[in-house]
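Quick note, the sequences are listed as chains H and W, same order. The working numbering numbers the first residue of the first sequence as 75 and each following residue consecutively. The working numbering numbers the first residue of the second sequence as 75 and each following residue consecutively. For each residue, glycine too, the CB sits at the ideal point set by N, CA and C. Everything numeric in this text was worked out from a predicted model, so none of it was measured. What follows is a set of notes on a single structure, which appears directly below.
2 protein chains.
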Amino acid sequence: MDFEKYLSEKKQLVEEAIGRHLPTGDEDRFSAELCKAIRHSVLAGGKRIRPILTIATTELFGGRVEDALVPACAMEFIHTSSLMIDDLPDMDNADYRRGLLATHKLYGTAVTILAGAALSFYAFEMVSRFQPVSKNGGNPIIPQLIEEMTRTAGLQGLLSGQLADVQSKKFKVNLETLKLISARKTASLITLSVRAGAIIAGASPHDLQRVTDFGKCIGTAFQIADDILDVTGDSKKMGKKKGRDLANRRVNFVSFYGLDKSKEELSSLLAESKSIIEVYGERGRVLNYMADYIISRDF
Amino acid sequence: MDFEKYLSEKKQLVEEAIGRHLPTGDEDRFSAELCKAIRHSVLAGGKRIRPILTIATTELFGGRVEDALVPACAMEFIHTSSLMIDDLPDMDNADYRRGLLATHKLYGTAVTILAGAALSFYAFEMVSRFQPVSKNGGNPIIPQLIEEMTRTAGLQGLLSGQLADVQSKKFKVNLETLKLISARKTASLITLSVRAGAIIAGASPHDLQRVTDFGKCIGTAFQIADDILDVTGDSKKMGKKKGRDLANRRVNFVSFYGLDKSKEELSSLLAESKSIIEVYGERGRVLNYMADYIISRDF
Chain H
75 MDFEKYLSEK KQLVEEAIGR HLPTGDEDRF SAELCKAIRH SVLAGGKRIR
125 PILTIATTEL FGGRVEDALV PACAMEFIHT SSLMIDDLPD MDNADYRRGL
175 LATHKLYGTA VTILAGAALS FYAFEMVSRF QPVSKNGGNP IIPQLIEEMT
225 RTAGLQGLLS GQLADVQSKK FKVNLETLKL ISARKTASLI TLSVRAGAII
275 AGASPHDLQR VTDFGKCIGT AFQIADDILD VTGDSKKMGK KKGRDLANRR
325 VNFVSFYGLD KSKEELSSLL AESKSIIEVY GERGRVLNYM ADYIISRDF
Chain W
75 MDFEKYLSEK KQLVEEAIGR HLPTGDEDRF SAELCKAIRH SVLAGGKRIR
125 PILTIATTEL FGGRVEDALV PACAMEFIHT SSLMIDDLPD MDNADYRRGL
175 LATHKLYGTA VTILAGAALS FYAFEMVSRF QPVSKNGGNP IIPQLIEEMT
225 RTAGLQGLLS GQLADVQSKK FKVNLETLKL ISARKTASLI TLSVRAGAII
275 AGASPHDLQR VTDFGKCIGT AFQIADDILD VTGDSKKMGK KKGRDLANRR
325 VNFVSFYGLD KSKEELSSLL AESKSIIEVY GERGRVLNYM ADYIISRDF
């Protein structure tokens, strides 16, 4: 199988769906201004890993790609919403994101706070309106998807993870807190992305559990890869400053484990993630590739 | 009918439901810190007008009060979430709310931004898990409720209304913008509160339209009453500073219409709201009282 081709086709599909689903704010100039900030953030690029994972998992369990597109875009919108909030002056105070000025640098703090919240609300709204074409699952999956999205984006996910991250500059972080930050800020939404795909396809509870375990492994691996990149990476390719964690006196996996042990941990998680989906054989090939892909950075 | 008794019974019911449904953040200290900020804001008091409206409308159309409680609390949580955001330094920069320090003054800006978003997410989450006891409506109403909640809280509601409000200090506001701010920041959630009650009770499209019109009237009336209070009210009773709009150079209905015309407009909206629900006769008595009640302030 030509994975490069698969990836570029799905990315194209996702970009088109994002283009169709992004709010425009035509109603008035205030919605329009929020939407300008939203569009800047969402269209700044990125690998679209989360939506592609949703699509890949839907396909794995025999669901229709068309049914995966709305929830897939919702994953990307929730992700982007959290980046807008994270970059705020009162949070990470980051000037750049994906090589472009951070949203608050272009549109101001007030607009970014409001647009960041609005983008997540819009992701939920989109899914609440979503009518899957196929009948397996159907409407009853909507409350479940929204319950998981709001929980993952909220108190028990991205938002409390971000608080822990912000506060980690102020106190000595132990391994438990470091893992909590990684679980909530990164692994949670990657896990939800594969779960959403499985839910859309009407996967069995066993299958749902399996992709959940897979998502947690690759989500944590993704965070470790990111932390390694912060130390060894090329600022230009990353589109953000190298050594930002160190500059912010923020503990990450590398500063905690050291570089060698971080790389070992990464390999071990990668192997574990692949063993979890081994049971699917050839059908699981795409997720197998995805595991490699999402941790493949320039190091 | 003893309306005072009705009101105090329903308020008691709402306070109990809020107590049961407010998140505690027992999982870890970061969720706990967000929840402390949330609880401070939600438990600071208020008349609980929105949840009582949801309950009253559910009863009007023969629904069960038990089924109204979760959506009713969700209305109050969305409302409180918007107040937390509005008071931020980059927005209204308000030090006090309901006679207590504003959330950001006690817990800081970062916590308040995160907790404010978390509280709305939690409102959606609560409703996504909600299983009405009665079968009229049932599960299919959940996506509809969430769609309306996210839209009202988001781009086409509270958030763009707040942006318009923040920016109204910087440019000359015309009547159209003033009405947009009032519609989005105030009338929209009051309208949703009555709509939610009707949806829960399985009301007909005609009835739903009628309470929507009623909600818009009393929502606008509420805003005008608030603006009158800003000029004539007693700071102590309000729990916030009198003349705050003037101090912020913010245009409101009184600065636009003058005091007399504002009072006229208020009376006319009140009369209109009552005429809309006249068709329900005795059954509509509670909403009739509610219209008087929500604009009854000390002026």
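- The three-state reading of DSSP puts arginine 172 (chain W) in coil, since its state is none of H, G, I, E or B.
- Around lysine 348 (chain W), the same chain offers Asn362, Ala365 as residues with beta carbons nearer than 7 Å, after the five sequence neighbours per side are excluded.
- When only Cα atoms are considered, tyrosine 181 (chain W) and alanine 111 (chain W) end up about 6 Å apart.
- Glutamine 205 (chain H) sits in coil when the DSSP states are folded into three classes, being neither helix nor strand.
- When C-beta atoms of the stretch 233–243 of chain W are compared with those of the stretch 131–139 of chain W, fewer than three pairs fall below 8 Å, so the two segments do not count as touching.
- In this structure, DSSP gives glutamate 101 (chain W) a state outside helix and strand, which the three-state scheme calls coil.
- Within chain W, the C-beta atoms nearer than 8 Å to that of valine 240 (chain H) come from Ala184, in chain order.
- One alpha carbon belongs to phenylalanine 245 (chain H), the other to asparagine 326 (chain H), and they sit about 13 Å apart.
- As the crow flies, the alpha-carbon of threonine 183 (chain H) is around 7 Å from that of leucine 162 (chain H).
- Burial state of alanine 345 (chain W) is exposed, judged by a 10 Å Cβ sphere holding fewer than 16 other Cβ atoms.
- Cβ contact annotation for arginine 225 (chain H) (same chain, cutoff 7 Å, sequence separation greater than five): Gly231, in chain order.
- Close to tyrosine 196 (chain H), with beta-carbon spacing below 8 Å, are these residues of chain W in chain order: Thr224, Gly228, Leu229.
- Shown here, arginine 324 (chain W) sits in coil according to DSSP, grouped into three states, outside any helix or strand.
- If you compare the alpha carbons of H:Arg113, H:Gln86, H:Ala142 with that of lysine 121 (chain H), the shortest gap goes to H:Gln86.
- Judged by DSSP in its simplified three-state form, glutamine 236 (chain W) adopts helix.
- With contacts defined by Cβ atoms closer than 8 Å, tyrosine 196 (chain W) and proline 125 (chain W) do not form a contacting pair.
- Rounded to whole angstroms, the separation of the alpha carbons of isoleucine 368 (chain W) and leucine 340 (chain W) is 12 Å.
- Using a Cβ-Cβ cut-off of 8 Å, alanine 272 (chain W) does not count as an interface residue toward chain H, since no Cβ of chain H sits closer than that to its own.
- Residue-level contact check: glycine 173 (chain W) does not touch chain H, since none of the beta carbons of chain H fall below 8 Å from its beta carbon.
- Against chain W, the beta carbon of serine 202 (chain H) has neighbours under 7 Å at Pro217, Ile220, Glu221, Thr224, listed in chain order.
- For the stretch 137–168 of chain W, the set of positions with a beta-carbon nearer than 8 Å to some beta-carbon of chain H reads Ile159, Leu162, Asp164, Met165 in chain order.
- Look at lysine 348 (chain W) here: in three-state DSSP terms it is helix.
- Contact check for arginine 269 (chain W) against glycine 289 (chain W) passes: the beta carbons are separated by less than 8 Å.
- Judged by their CB atoms, isoleucine 264 (chain H) and alanine 238 (chain H) are not nearer to each other than the 8 Å cut-off.
- About 16 Å separates the beta carbons of serine 336 (chain W) and isoleucine 292 (chain W), which is beyond the 8 Å limit, so they are not a contact pair.
- Within the same chain, Cβ atoms closer than 7 Å to the Cβ of aspartate 281 (chain H) are found at Phe135, Ala272, the five residues on either side in sequence being excluded.
- Leucine 219 (chain H) counts as buried, since no fewer than 16 other beta carbons sit within 10 angstroms of its beta carbon.
- Around isoleucine 92 (chain W), no beta-carbon contact reaches into chain H at under 7 Å, the shortest distance being about 16 Å.
- The beta carbon of valine 305 (chain H) is closer than 6 Å to those of Val328 in its chain, skipping five residues each way along the sequence.
- CA-to-CA, the gap between glutamate 222 (chain H) and glutamine 205 (chain W) works out to about 16 Å.
- Counting only runs that start and end inside the stretch 257–309 of chain H, the alpha helix (DSSP H) elements of at least 4 residues fall at 262–274, 279–306.
- Comparing alpha carbon positions, the residue from H:Met75, H:Val185, H:Leu175, H:Ser155 closest to alanine 106 (chain H) is H:Val185.
- Look at aspartate 76 (chain W): its C-beta is not under 8 Å from any C-beta on chain H.
- Among the residues of the stretch 99–126 of chain W, those with a Cβ less than 8 Å away from any Cβ of chain H are Gly99, Glu101, Asp102, Phe104, Ser105, Glu107, Leu108, Cys109, in the order of the chain.
- Apart from the 5 residues on each side of it in sequence, alanine 295 (chain H) sits with its Cβ closer than 8 Å to the Cβ of Leu340, Leu343, Leu344, Ser347, Ala365, Ile368, Ile369 in its chain, given in chain order.
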